[in-house]
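Take 228 as the starting number for the sequence shown in the numbering used here and just add one per residue. Glycine residues also receive a C-beta, built at the ideal position from the N, C-alpha and C atoms. Just so it is clear, the structure is predicted and the values come from calculations on it, not from any experiment. For reference, the structure is listed below as structure tokens.
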Amino acid sequence: MRDRGTSRRDYLKFMATTAGLATAAPLAFSQAGQPKTEQSPGPPPRHEQRIQWWQAAKFGMFIHWGLYSLIGRHEWAMEMEGIPVRQYEVLAKHFNPKPNAARDWARLAKAAGQKYMVMTTKHHEGFCNFDTKLTDYCAPKQAAGRDLVREFVEAARSEGLRVGFYYSLMDWHHPDGSKCATDEAARGRFVAYTHGLIRELMTNYGKIDILWYDVDWPLTPEQWDSQKMNDMVFDLQPDIIVNNRNGLPGDFSTPEQEIRAADRGRAWEACMTLNDSWGYHKADDNWKSPKTVVDNLITCAHGGGNYLLNIGPKPDGSIPEESSEILQAVGKWTNANGSAIYGTERCDLHGHVYAGFTQRGNTVYAHVNKWPGDTPAEQWLTFYQPSSVISFGGFRTKVKSVRTLVGDKPLTFAQDDLCLRITGLPVSAPDEPATVLVIDCDGPPVMDRDYVRRNRPRFKVGVS
Numbered sequence: 228m229r230d231r232g233t234s235r236r237d238y239l240k241f242m243a244t245t246a247g248l249a250t251a252a253p254l255a256f257s258q259a260g261q262p263k264t265e266q267s268p269g270p271p272p273r274h275e276q277r278i279q280w281w282q283a284a285k286f287g288m289f290i291h292w293g294l295y296s297l298i299g300r301h302e303w304a305m306e307m308e309g310i311p312v313r314q315y316e317v318l319a320k321h322f323n324p325k326p327n328a329a330r331d332w333a334r335l336a337k338a339a340g341q342k343y344m345v346m347t348t349k350h351h352e353g354f355c356n357f358d359t360k361l362t363d364y365c366a367p368k369q370a371a372g373r374d375l376v377r378e379f380v381e382a383a384r385s386e387g388l389r390v391g392f393y394y395s396l397m398d399w400h401h402p403d404g405s406k407c408a409t410d411e412a413a414r415g416r417f418v419a420y421t422h423g424l425i426r427e428l429m430t431n432y433g434k435i436d437i438l439w440y441d442v443d444w445p446l447t448p449e450q451w452d453s454q455k456m457n458d459m460v461f462d463l464q465p466d467i468i469v470n471n472r473n474g475l476p477g478d479f480s481t482p483e484q485e486i487r488a489a490d491r492g493r494a495w496e497a498c499m500t501l502n503d504s505w506g507y508h509k510a511d512d513n514w515k516s517p518k519t520v521v522d523n524l525i526t527c528a529h530g531g532g533n534y535l536l537n538i539g540p541k542p543d544g545s546i547p548e549e550s551s552e553i554l555q556a557v558g559k560w561t562n563a564n565g566s567a568i569y570g571t572e573r574c575d576l577h578g579h580v581y582a583g584f585t586q587r588g589n590t591v592y593a594h595v596n597k598w599p600g601d602t603p604a605e606q607w608l609t610f611y612q613p614s615s616v617i618s619f620g621g622f623r624t625k626v627k628s629v630r631t632l633v634g635d636k637p638l639t640f641a642q643d644d645l646c647l648r649i650t651g652l653p654v655s656a657p658d659e660p661a662t663v664l665v666i667d668c669d670g671p672p673v674m675d676r677d678y679v680r681r682n683r684p685r686f687k688v689g690v691s
């Protein structure tokens, strides 16, 4: 998907302009490619009904797993290392993971508080993890001898999780995967092959909740017959939601490795890795902390979006220990504080130096992730008593009550024209990595720090 600081889209543009490779090599190094033609103005029909569950869910698990897992050097190893197709194909004869590895993924997702799972059915390498009649380059006809996607579907459903399929349009293995850009006969064959694989995925596994397209290189939406593709998908799966990576708007946008809220009214989901790699990379030890994951989840929910967090299982399907430890720790927090995340709506309150905010109706959830504790000033500034105070400047809506989410403990507060101050707090944070304070208001919450800047009383220069 994306290297740190470099998207596949950026990488493709760079290579195309410096080496003239726009149609010679699949170097779109981001999942989030820009559409090649003007998009239609809105999402597919019945969007609001179909996406309602997803917007409440907020948190999902992404799984990148394929032949590249055997190499253990990132899911882009085939291209990055220039591995010939015939050499890479040999990996299929050795990809034989333990049975039902997906059960451990699903249990971990549920423990972490994730509500849906999205698995790579076919990544850019072209290998299909599912049973297909269209190619022998698939798990049931190679060493695994079984349908790995079916195992995933059954595992997710057994834990009560929604099911999503990732599908890469780009294909480094198919003989027409590159030349389809300049050869009309090749394009016809490759598009028919692509539509056929998607039809199988939408037909053979019962109800599917999400179709997550990726990288539409090297064709335009018209060349992919993307509208026809989506029409087929909705005909077979009327309640499914689809993303925007086949060149059409789809139901939601997909910022990658960054949290970037879409315009109000547009559904979006930030997809991110736990380290710097999507597929298993044994040398990648740049793991996100549980605190970072929770902060990202809060930030996504604040913007009205979702957080799709990736794991890259090992070749046998086992979960890297670090991934498991991080998600288990995150799950302890979501288990206690999930009501401040799930089902919340877009929140317009400003961020704070030590807190983030989510919202449901007239209720604000303040996620205090940098507990202020006491300061030297509190020893002599009496209005800072007791020892720890939470203060939100510019909180303009009248507050009716404040309490802790965990333990439901009422808190003392005072509100004036400039700020809301919450007192009676301990020196140390009651909860980690974020303590949630529930602020019930008598109307839609408004916080305007510019009001403080404009209207705070000012006196003479110097000490008044």
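Query raised in the report: Quick check: the stretch 280-295 against the stretch 565-572, are there 3 or more CB pairs under 8 Å?
Result: yes
Query raised in the report: Buried or exposed: where does residue 500 fall if 16 or more other Cβ atoms within 10 Å of its Cβ makes it buried?
Result: buried
Query raised in the report: Which residues bound the beta strand (DSSP E) around residue 346?
Result: 343-349
Query raised in the report: Nearest to residue 654 by alpha carbon, out of 615, 688, 647, 461?
Result: 615
Query raised in the report: How would you call residue 619, buried or exposed, if buried means at least 16 neighbouring beta carbons within 10 angstroms?
Result: buried
Query raised in the report: Who does residue 637 pair with in a DSSP beta bridge?
Result: 630
**Report entry** Secondary structure of residue 417, DSSP reduced to three states
**Finding:** helix
Query raised in the report: With distances taken from CA atoms, which of 417, 536, 572, 658 is nearest residue 340?
Result: 536
Requested in this report: Please report how far the alpha carbon of residue 317 lies from the alpha carbon of residue 325, in whole angstroms.
Outcome: 19 Å
Requested in this report: Measure the C-alpha to C-alpha separation of residue 450 and residue 425 and round it to an integer number of angstroms.
Outcome: 16 Å
Report task. Please classify residue 654: does DSSP put it in a helix, a strand, or coil? Result -> coil
Query raised in the report: Which residues share a DSSP beta bridge with residue 432?
Result: Paired residues: none, contrary to the question.
Report task. Find the nearest neighbour of residue 311 within the set 402, 486, 468, judged by alpha-carbon distance. Result -> 402
**Report entry** Cβ pair residue 585, residue 649 closer than 8 Å
**Finding:** no
Query raised in the report: Count the other CB atoms within 10 Å of the CB of residue 307; is the residue buried (16 or more) or exposed (fewer)?
Result: exposed
Query raised in the report: Is it buried or exposed for residue 345, if we count other Cβ within 10 angstroms and need 16 for buried?
Result: buried
Requested in this report: Count the other CB atoms, across all protein chains shown, that sit within 10 Å of the CB of residue 497; report buried if there are 16 or more and exposed otherwise.
Outcome: buried
Report task. Give me the Cβ distance between residue 633 and residue 658, rounded to the nearest whole Å; I'm assuming they're in contact under 8 Å. Result -> 6 Å
Query raised in the report: Under a Cβ-count criterion, where at least 16 other Cβ atoms within 10 Å of its own Cβ denotes burial, should residue 443 be classed as buried or exposed?
Result: buried
Query raised in the report: In terms of residue numbering, what span does the beta strand (DSSP E) encompassing residue 439 cover?
Result: 437-441
Query raised in the report: How would you call residue 304, buried or exposed, if buried means at least 16 neighbouring beta carbons within 10 angstroms?
Result: buried
Query raised in the report: Of the residues 590, 553, 579, which one's Cα is nearest the Cα of residue 570?
Result: 590
Report task. Give a yes or no on whether the C-beta atoms belonging to residue 551 and residue 335 are separated by under 8 Å. Result -> yes
Report task. Taking the CB atoms as reference points, tell me whether residue 508 and residue 532 lie closer together than 8 Å. Result -> no
Query raised in the report: Tell me which same chain residues have a C-beta within less than 7 Å of the C-beta of residue 582, skipping the five on either side of it?
Result: 593, 594, 595, 596
Query raised in the report: Which runs of the alpha helix (DSSP H) spanning at least 4 residues fall entirely within the stretch 470-553, listed in chain order?
Result: 517-529
Query raised in the report: By the 10 Å Cβ neighbour count, where 16 or more other Cβ atoms means buried, how is residue 683 classified, buried or exposed?
Result: exposed
Query raised in the report: Based on the DSSP secondary-structure assignment, which residues constitute the bridge partners of residue 667?
Result: 590, 628
Query - Three-way DSSP call (helix, strand, coil) for residue 391 in this model - result: strand
Query raised in the report: Where residue 384 and residue 297 are concerned, what is the direct C-alpha to C-alpha distance, given to the nearest angstrom?
Result: 27 Å
Requested in this report: Find the nearest neighbour of residue 482 within the set 470, 628, 376, 631, judged by alpha-carbon distance.
Outcome: 470
Requested in this report: Kindly give me the distance between the Cβ atoms of residue 278 and residue 486, rounded to whole angstroms, as I take these residues to be in contact under 8 Å.
Outcome: About 19 Å separates the two Cβ atoms, so there is no contact after all.
Query - Inter-stretch contact at 8 Å, needing at least 3 Cβ pairs: the stretch 391-401 / the stretch 412-432 - result: yes
Requested in this report: Thinking residue 348 and residue 315 are a contact (beta carbons under 8 Å), I'd like their distance in whole angstroms, please.
Outcome: At roughly 18 Å, the Cβ-Cβ gap does not stay under 8 Å, so residue 348 and residue 315 are not in contact.
Requested in this report: Report yes if the CB atom of residue 621 is closer than 8 Å to the CB atom of residue 638, and no otherwise.
Outcome: no
Query raised in the report: DSSP puts residue 572 in a beta bridge; with which residues?
Result: 586
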